[in-house]
Amino acid sequence: MIEAVKSRSRKRLITLTVNGEEHEIAIRPNAMLVDVVRDQIGLTGTKSGCSSGSCGACTLLIDGRPMLACSTLAVECDGKAIRTVEDLADGERLSPIQEAFLDQGAVQCGFCTPGMLMSVTALIASNPKPSHQEIKKALEGNLCRCTGYNAIFNAVLQATGQDGIKPIMF
Ligand code: FES
Ligand code: FES
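Take any residue in the sequence shown, count from 1 to its spot, add 35: that is its number in the numbering used here.
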């Protein structure tokens with residue numbers, strides 16, 4: 036019994052490539068990716084909201100796919116490429132998606148914004164002109180309690196060159 040507890044708490048060495056930079060880190064076997072990224076790697080742009088897979092604030096990209104970092108064991112990401120919101124801007128220059136969020140007033144308290152941006156980044160990478168339904172589908176796991184969603188929707192339209200199209204209510 037004691038041995039089993041010890042083995043569960045024994046740290047493991049994993050390698051994560053985060054925003055193009057390789058990190059070899061010792062983690063607890065039950066450590067969640069969001070905590071490793073924020074507390075061990077020091078990238079606090081990724082937010083921890085509900086910690087239960089419900090709000091989407093912790094969304095980041097794992098090998099290009101949007102995933103919930105609060106519900107992903109870091110040990111499962113050994114050898115994988117992680118991309119966080121810190122990687123979107125090029126120095127002082129914001130990405131077109133970030134610019135569009137600012138232009139459209141899609142950032143209020145900002146807590147949902149990193150997760151939203153990462154979901155939109157993944158959407159546009161695979162689908163540069165998403166339809167209304169495709170935008171809704173891509174953002175269905177990202178909750179925002181401030182904006183009412185239309186500003187976010189407008190930002191995605193702007194970032195994809197579809198500014199003239201009227202948004203539909205979520
Ligand atoms: S913090 Fe991960 S889904 Fe809410
Ligand atoms: S801007 Fe506040 S939760 Fe979305």
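Beta carbons are placed, not taken as given, at the ideal position from N, Cα and C, and that holds for glycine. This one's a predicted model, so the numbers in the text were calculated from it and none came from an experiment.
> Pick from 161, 134 and 49: whose alpha carbon is nearest that of residue 187?
Replying inline: For the set 161, 134 and 49, the Cα lying nearest the Cα of residue 187 is the one of 134.
>> If you measure between the beta carbons of residue 191 and residue 155, is that distance less than 7 Å?
In response: Going by C-beta atoms, residue 191 is nearer than 7 Å to residue 155.
> Which class does residue 45 belong to by DSSP, given the choice of helix, strand or coil?
Replying inline: coil
>> Does the segment 112-127 come into contact with the segment 164-177, if we say contact requires no fewer than three beta-carbon pairs (one atom in each stretch) closer than 8 Å?
In response: no
>> Quick check: is any heavy atom of ligand 2 less than 6 Å from the C-beta of residue 136?
In response: Set against 6 Å, the gap from the CB of residue 136 to the closest heavy atom of ligand 2 is not smaller.
>> Tell me the residue span of the alpha helix (DSSP H) that contains residue 76.
In response: It is not in any alpha helix (DSSP H) - residue 76 carries neither H nor E in the DSSP assignment.
> Name the DSSP beta bridge partners of residue 96, please?
Replying inline: In the DSSP assignment, the residues bridged to residue 96 are 101 and 118.
> Does the beta-carbon distance from residue 92 to residue 68 come in below 7 Å?
Replying inline: no
> For the beta strand (DSSP E) that residue 56 lies in, which residues bound it at each end?
Replying inline: Start and end: 56-62.
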